[in-house]
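Novice: I'd like to ask you about the structure that follows.
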Amino acid sequence: MDMDKLVSLCKRRGFIFPSSEIYGGINGFWDYGPLGVELKRNIKDAWWRDNVHARDDMVGLDCSIIMNPKVWEASGHVGGFSDPMSTCRQCKRLFRTDQVWDQLQESDWFQSLVATGRDSQSLAQWAAKKGKKLAPGLALVRNPTEILSWLAERARTQPDEPIDAKTFVQYLATEQDARTGLVLPCPNCGGDLTEPRNFNLMFETHVGAVADEASKAYLRPETAQGIFANFKNVVDTGRVKVPFGIAQVGKSFRNEITPRNFTFRSREFEQMEIEFFCRPEESATWYKYWRDTRFQWYVDHGLRSDRLRIRDHDPGELSFYSTATADIEYGFPFGVSELEGIAHRGDYDLTQHQKYSGKDLGYFDEERKERYVPHVIEPSAGADRAALAFLCEAYTEDEIGGEARTVLKFHPRLAPIKAAIFPLVKKDGMPEKAQAIEREMKRRFPVFYDEKGAIGRRYRRQDEAGTPFCITVDGQTLTDDTVTVRDRDSCRQWRVPSAGVARALQDLLEGQPIPGDE
RNA sequence: GCGGGUGUAACUCAAUGGUAGAGUACCUGCCUUCCAAGCAGGUUACGUGGGUUCGAUUCCCAUCACCCGCUCCA
Numbered sequence: 004m005d006m007d008k009l010v011s012l013c014k015r016r017g018f019i020f021p022s023s024e025i026y027g028g029i030n031g032f033w034d035y036g037p038l039g040v041e042l043k044r045n046i047k048d049a050w051w052r053d054n055v056h057a058r059d060d061m062v063g064l065d066c067s068i069i070m071n072p073k074v075w076e077a078s079g080h081v082g083g084f085s086d087p088m089s090t091c092r093q094c095k096r097l098f099r100t101d102q103v104w105d106q107l108q109e110s111d112w113f114q115s116l117v118a119t120g121r122d123s124q125s126l127a128q129w130a131a132k133k134g135k136k137l138a139p140g141l142a143l144v145r146n147p148t149e150i151l152s153w154l155a156e157r158a159r160t161q162p163d164e165p166i167d168a169k170t171f172v173q174y175l176a177t178e179q180d181a182r183t184g185l186v187l188p189c190p191n192c193g194g195d196l197t198e199p200r201n202f203n204l205m206f207e208t209h210v211g212a213v214a215d216e217a218s219k220a221y222l223r224p225e226t227a228q229g230i231f232a233n234f235k236n237v238v239d240t241g242r243v244k245v246p247f248g249i250a251q252v253g254k255s256f257r258n259e260i261t262p263r264n265f266t267f268r269s270r271e272f273e274q275m276e277i278e279f280f281c282r283p284e285e286s287a288t289w290y291k292y293w294r295d296t297r298f299q300w301y302v303d304h305g306l307r308s309d310r311l312r313i314r315d316h317d318p319g320e321l322s323f324y325s326t327a328t329a330d331i332e333y334g335f336p337f338g339v340s341e342l343e344g345i346a347h348r349g350d351y352d353l354t355q356h357q358k359y360s361g362k363d364l365g366y367f368d369e370e371r372k373e374r375y376v377p378h379v380i381e382p383s384a385g386a387d388r389a390a391l392a393f394l395c396e397a398y399t400e401d402e403i404g405g406e407a408r409t410v411l412k413f414h415p416r417l418a419p420i421k422a423a424i425f426p427l428v429k430k431d432g433m434p435e436k437a438q439a440i441e442r443e444m445k446r447r448f449p450v451f452y453d454e455k456g457a458i459g460r461r462y463r464r465q466d467e468a469g470t471p472f473c474i475t476v477d478g479q480t481l482t483d484d485t486v487t488v489r490d491r492d493s494c495r496q497w498r499v500p501s502a503g504v505a506r507a508l509q510d511l512l513e514g515q516p517i518p519g520d521e
């Protein structure tokens, strides 16, 4: 499937528009149009019903977007992991400064260099041959004479101090020691890296009329911390007992990401997050439970399981506080990308907030008569990413009677409009009858009435909106009071009594097979 | 942030140093008894700001947005 076609359809049919488009748009922000808002709302509602209302171990929460800035100190978003980045001046690649050394050790040119002797002659030879190919940006390669003289100087002045591999490569990479100090080279080409720059992780704002350092606050970069900050409130008032979860749906904001791939990476996005609190000994079981449950949720709502996958993080990839993390990924047209992360966060967050707030966030377990800080499993889903995945999955081009057709095959639960109601032609009292049906249906379902143009055209329009069923009043309706129901995916039609059409639609939406298809 | 590409109507695309056409869509009639039919009429565009020029949608510069890559992430 072509992403451009989907973007175009989304705009044409009113699913998703670029934000502030009349002013030229703004990178990384998107608006949901009349159909898009229904789709996204259905996704959030389905998630809420399945994870909160349908369970007896989950409660909801809706906390403020702007919180006391100390929350973000405790979470590590201020200071902690606003990863400084460096760019290579030669090949222009971008690296996390703290990962340069690790990446360097894995690079071909570094390994080749290490395998060479450390004497001037071997190094000069390496620079002239292999180095030229593998690490054209390296100072040693570009300026061997000078670099080798530095090294000789170092050996003469500090003969008793052996040089470790890291320092050694720094010597070979540093052209202007006096000005820059020893630097690490680019893992890709050996070139010199810029000073580490700090990335602006969170959106900053100021609370109150005076904008000074003391009034600085942040738009939340995740909804999770609001749940941790309210853990004690919920435990004290919610009649909840471990194991239990707190769920929240809401907007989050990140400044440092590069917007890409339509709505997939946006600076403002909506999360659907659960923090599930449990006894430390049971945390591994709960982790597995949520990992499987959340995967199945996407399958149940129409994502083909062969486009979905679970990817368990390698130990080296895990955050330092996490003992296990898995990503639920979907095969988008632009690549396999993350829809949801399920993280075993241990007691890290509650402990951090305990430390920074000075409040006891321990939990007293009545059954076991003991006090402990619960461990946390965090299934964190992106609502916009889910919407995009469902759109991609639904987008289908097929052929009906030799004519090409574009259809969004949404799961009925997610479809923005559940049924369209048409008079076959605009005469003989058909519009009046169809409108009466529409009035009745409208109280129970999002439905759409249309009487303009040829019937085929109206069917196709609904196909593009993903409406699962169309109900048509025709000549026969006037004699026997039945209407036709038409199925979006098969284009098959059958008749039902018009008095029972709401009930019939209800059954169809709940998954009852269409007649002739049982 | 960096490198490369793109920017004309709601959508998909043309043409042009002398202010723009098509198809689709949309609106109004007529006609139409089941899958984008037909006829007649109609609405909508050169991303933005500068510059060169008698004159710029076209050339130049900047800016913004989008797409692709490096990187980050829900």
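Note that the first sequence covers residues 4 to 521 in my numbering.
Backbone N, C-alpha and C fix where the C-beta goes; we use that ideal spot for every residue, glycine too.
Note that this is a predicted model, so its numbers are computed, not measured.
Given a cut-off of 7 Å, decide if Pro500 and Thr571 are closer than it, judged by their beta-carbon atoms.
Specialist: Within the shown structure, residues of the chain are numbered from 4 to 521, placing residue 571 beyond reach of any answer.
Novice: In angstroms with no decimal places, state the Cα-to-Cα distance between Asn191 and Pro415.
Specialist: If you number the first sequence from 1, residue 191 lands on position 188. If you number the first sequence from 1, residue 415 lands on position 412. Between Asn191 and Pro415, the C-alpha separation is close to 49 Å.
Novice: Taking the CB atoms as reference points, tell me whether Ala439 and Pro426 lie closer together than 7 Å.
Specialist: Within the first sequence, numbered from 1, the residue matching residue 439 stands at position 436. Within the first sequence, numbered from 1, the residue matching residue 426 stands at position 423. Not closer than 7 Å, so no.
Novice: CB Thr266 to CB Leu391, shorter than 7 Å?
Specialist: If you number the first sequence from 1, residue 266 lands on position 263. If you number the first sequence from 1, residue 391 lands on position 388. Closer than 7 Å, so yes.
Novice: Using DSSP bridges, identify the partner residues of Tyr398.
Specialist: The residue labelled residue 398 in the question sits at position 395 within the first sequence. DSSP lists Leu411 as partners of Tyr398.
Novice: Bridge partners for Asp368 per DSSP, in chain order?
Specialist: As a first step, residue 368 must be located in the first sequence, where it is residue number 365. According to DSSP, Asp368 bridges with Glu373.
Novice: Kindly list the residues whose CB is nearer than 6 Å to the CB of Val476, restricted to its own chain and excluding five residues on each side of it in sequence; keep chain order.
Specialist: As a position in the first sequence, residue 476 is number 473, starting the count at 1. Excluding residues within five positions, the ones whose Cβ falls inside 6 Å are Pro426, Met433, Lys436, Ala437, Val486.
Novice: Exposed or buried, which one is Ile331 when buried takes at least 16 other CB atoms within 10 Å?
Specialist: To locate residue 331, count along the first sequence from 1; it is residue 328. When all chains shown are included, Ile331 counts as buried.
Novice: Going by beta-carbon coordinates alone, are Ala227 and Thr208 separated by less than 7 Å?
Specialist: By one-based count along the first sequence, residue 227 stands at place 224. By one-based count along the first sequence, residue 208 stands at place 205. No; because the gap between Cβ atoms is not below 7 Å, this pair is not in contact.
Novice: Could you check where the alpha helix (DSSP H) with Lys43 kicks off and where it finishes?
Specialist: What you label residue 43 is simply residue 40 of the first sequence in a count that begins at 1. Lys43 -> alpha helix (DSSP H) spans 37-51.
Novice: Throw me the rounded Cβ distance for the Val450 and Ala423 pair, which I believe falls under 8 Å.
Specialist: Stepping through the first sequence from its first residue, residue 450 is reached at position 447. Stepping through the first sequence from its first residue, residue 423 is reached at position 420. Yes, they are in contact, since the Cβ atoms of Val450 and Ala423 sit about 7 Å apart, within 8 Å.
Novice: What is the residue span of the alpha helix (DSSP H) that Asp7 lies within?
Specialist: As a working note, residue 7 is residue 4 in the first sequence. First-last of the alpha helix (DSSP H) with Asp7: 6-16.
Novice: Evaluate contact between the stretch 343-361 and the stretch 274-292, counting only Cβ atoms and requiring at least three cross-stretch pairs below 8 Å.
Specialist: Result yes; three or more Cβ-Cβ pairs closer than 8 Å.
Novice: Here's the rule I'm using: 16 or more other beta-carbon atoms within 10 Å means buried, otherwise exposed. How should Gln25 be labelled?
Specialist: Taking the first residue of the first sequence as 1, we reach residue 25 at position 22. According to the sequence provided, residue 25 is Ile. The question's Gln does not apply to it. Ile25 is exposed by the Cβ-count criterion.
Novice: Can you tell me which of Cys91, Thr261, Ala250, Arg159 puts its alpha carbon nearest to the alpha carbon of Gly193?
Specialist: Translated into the one-based positions of the first sequence, residue 193 becomes position 190. The residue with the shortest Cα to Cα distance from Gly193 is Cys91.
Novice: Tell me which residue opens and which closes the beta strand (DSSP E) that Thr328 is part of.
Specialist: On the first sequence, residue 328 is found 325 positions in, with the first residue counted as 1. Note, Thr328: beta strand (DSSP E), 327-335.
Novice: Using the C-alpha atoms, what's the distance from Arg460 back to Lys430?
Specialist: Position 427 of the first sequence, counted from the start, is the residue given in the question as residue 430. Position 457 of the first sequence, counted from the start, is the residue given in the question as residue 460. Going by the C-alpha atoms only, they are around 18 Å apart.
Novice: Which runs of the beta strand (DSSP E) fall wholly inside the stretch 252-335 and span at least 3 residues, in chain order?
Specialist: As far as the stretch 252-335 is concerned, its whole beta strand (DSSP E) runs of at least 3 residues are 271-281, 311-315, 327-335.
Novice: Would you identify the three-state DSSP class for Leu417, choosing helix, strand or coil?
Specialist: Here residue 417 is taken as the residue at index 414 of the first sequence, counted from 1. Note: Leu417 maps to coil in three-state DSSP.
Novice: Beta-carbon within less than 6 Å of Val302's beta-carbon, same chain only, minus the 5 sequence neighbours each way: which residues are those?
Specialist: The count along the first sequence starts at 1 and reaches residue 302 at position 299. Result list for Val302: Ser308, in chain order.
Novice: Apply the 10 Å Cβ neighbour rule to Thr160 and answer buried if 16 or more other Cβ atoms are within range, or exposed otherwise.
Specialist: Locating residue 160 in the first sequence gives position 157, counting from the first residue. Exposed: under 16 other Cβ atoms inside 10 Å.
Novice: Within 10 Å of its beta-carbon, does Lys1 have 16 or more other beta-carbons around it, so buried, or fewer, so exposed?
Specialist: The structure shown does not extend to residue 1, since the chain is modelled only from 4 to 521, so the question has no answer here.
Novice: For Leu411, count the other beta carbons within 10 Å of its own beta carbon; 16 or more makes it buried, fewer makes it exposed. Which is it?
Specialist: Counting from 1 along the first sequence, the entry for residue 411 is found at position 408. Result: buried.
Novice: With respect to the alpha helix (DSSP H) encompassing Pro147, which residues constitute its N-terminal and C-terminal limits?
Specialist: As a working mapping, residue 147 is identified with position 144 in the first sequence. Where Pro147 is concerned, the enclosing alpha helix (DSSP H) stretches over 147-160.
Novice: Do the stretch 337-346 and the stretch 358-369 make contact, defined as three or more Cβ pairs closer than 8 Å?
Specialist: As far as the Cβ criterion goes, the stretch 337-346 does not touch the stretch 358-369, which means the pair count is below three.
Novice: On a Cα-Cα basis, can you pick out the residue from Leu154, Ala176, Thr177 that is closest to Ile166?
Specialist: Your numbering for residue 166 matches position 163 in the first sequence. Taking only the C-alpha atoms, the option nearest Ile166 is Leu154.
Novice: Between the C-alpha atoms of Gln106 and Pro471, what's the straight-line distance to the nearest angstrom?
Specialist: Along the first sequence, read from residue 1 onward, the residue named residue 106 stands at position 103. Along the first sequence, read from residue 1 onward, the residue named residue 471 stands at position 468. Rounded to the nearest angstrom, the two C-alpha atoms are 50 Å apart.
Novice: For the beta strand (DSSP E) holding Met205, just list the boundary residues, first then last.
Specialist: As a working note, residue 205 is residue 202 in the first sequence. Note, Met205: premise wrong, no beta strand (DSSP E); not H, not E.
Novice: Counting C-beta neighbours from all protein chains within 10 Å, is the total for Thr261 16 or more, i.e. buried, or is it exposed?
Specialist: If you number the first sequence from 1, residue 261 lands on position 258. So Thr261 counts as exposed.
Novice: For Gln496, list the residues DSSP reports as bridge partners.
Specialist: If you number the first sequence from 1, residue 496 lands on position 493. DSSP output for Gln496 lists Arg489 as bridge partner(s).
Novice: Between the stretch 379-396 and the stretch 290-300, can you find at least three pairs of beta-carbon atoms closer than 8 Å?
Specialist: As far as the Cβ criterion goes, the stretch 290-300 touches the stretch 379-396, which means the pair count is three or higher.
Novice: Residues bridged to Lys195 by DSSP?
Specialist: If you number the first sequence from 1, residue 195 lands on position 192. The question names Lys, but residue 195 is Asp in the sequence shown. BP columns for Asp195 point to Pro188.
Novice: What is the residue span of the beta strand (DSSP E) that His347 lies within?
Specialist: Locating residue 347 in the first sequence gives position 344, where the first residue counts as 1. Where His347 is concerned, the enclosing beta strand (DSSP E) stretches over 338-349.
Novice: Based on the DSSP secondary-structure assignment, which residues constitute the bridge partners of Gly63?
Specialist: By 1-based counting over the first sequence, the position of residue 63 is 60. Ala250, per the DSSP bridge assignment.
Novice: Does the distance from the CB of Ala536 to the CB of Val74 come in under 7 Å?
Specialist: Limits of the chain in this structure are 4 at one end and 521 at the other, which puts residue 536 out of reach.
Novice: Near Gly229, what residues of its chain come up, given a Cβ to Cβ distance below 6 Å and the 5 sequence neighbours on each side ignored?
Specialist: Indexing the first sequence from 1 puts residue 229 at position 226. For Gly229, where only same-chain residues beyond five positions count, the Cβ hits under 6 Å are Cys66.
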